[in-house]
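Enquirer: Sharing a structure here in structure tokens format.
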Amino acid sequence: MANNNEKMSREEAGRKGGETTAKNHDKEFYQEIGQKGGEATSENHDKEFYQEIGQKGGEATSENHDKEFYQEIGQKGGEATSENHDKEFYQEIGKKGGEATSDSHGKEFYQEIGEKGGEARGNQRDDSDDGKMSREEAGRKGGEKSRR
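If you count the sequence shown from 1, position 28 lands on 28 in full-length UniProt numbering, and the numbers rise without skipping.
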């Protein structure tokens, strides 16, 4: 709509320009300018900038979604990943993750998590029916596996 001076508002001019651009360009055009914009942004901002906007985006998302939302998208992501990758993929990323953890944590970290795991296992009753095997069963199975 034009105002009293027969001039178009900034919002209307922007809308009309956007509509005209959309009519005149295809998907590849938008991909190209998006890539150029991303490259320019990455040249002008540092790691902290991306961490900050990522944190803000994560906080906004968590305020707008509940636990079920995250469970659902996590499940969908896991299913999509498992459909697109084989056993070797998981072995490779597991190895990389283990190496990264090893590089970033010292001996004390492993001692601490080992101790916690041992305490948690020791606090379980052997006759509990929680779906986990007893220490005796784990030892027996481990012994059988190492004999093979």
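For every residue, glycine included, the Cβ atom is placed at its ideal position computed from N, Cα and C. Everything numeric in this text was worked out from a predicted model, so none of it was measured.
Going by the CB atoms, is the gap between residue 140 and residue 121 shorter than 8 Å?
Expert: Along the sequence shown, one-based indexing puts residue 121 at 121. Along the sequence shown, one-based indexing puts residue 140 at 140. No, the pair does not count as a contact, with Cβ atoms beyond the cut-off.
Enquirer: In the DSSP assignment, find the alpha helix (DSSP H) that holds residue 123 and state where it starts and stops.
Expert: Taking the first residue of the sequence shown as position 1, residue 123 is located at position 123. Residue 123 -> no alpha helix (DSSP H), and no H or E assigned at all.
Enquirer: Could you pull out every unbroken alpha helix (DSSP H) segment of at least 4 residues lying fully inside the UniProt region "Disordered" (1 to 148), listed in chain order?
Expert: Complete alpha helix (DSSP H) runs here, min 4: 10 to 24, 27 to 44, 47 to 64, 67 to 84, 87 to 104, 107 to 122 and 135 to 147.
Enquirer: Taking the straight line between their C-alpha atoms, what separation do you get for residue 42 and residue 48?
Expert: Residue 42 sits at position 42 when you count from the first residue of the sequence shown. Residue 48 sits at position 48 when you count from the first residue of the sequence shown. Straight-line Cα distance between these residues: approximately 11 Å.
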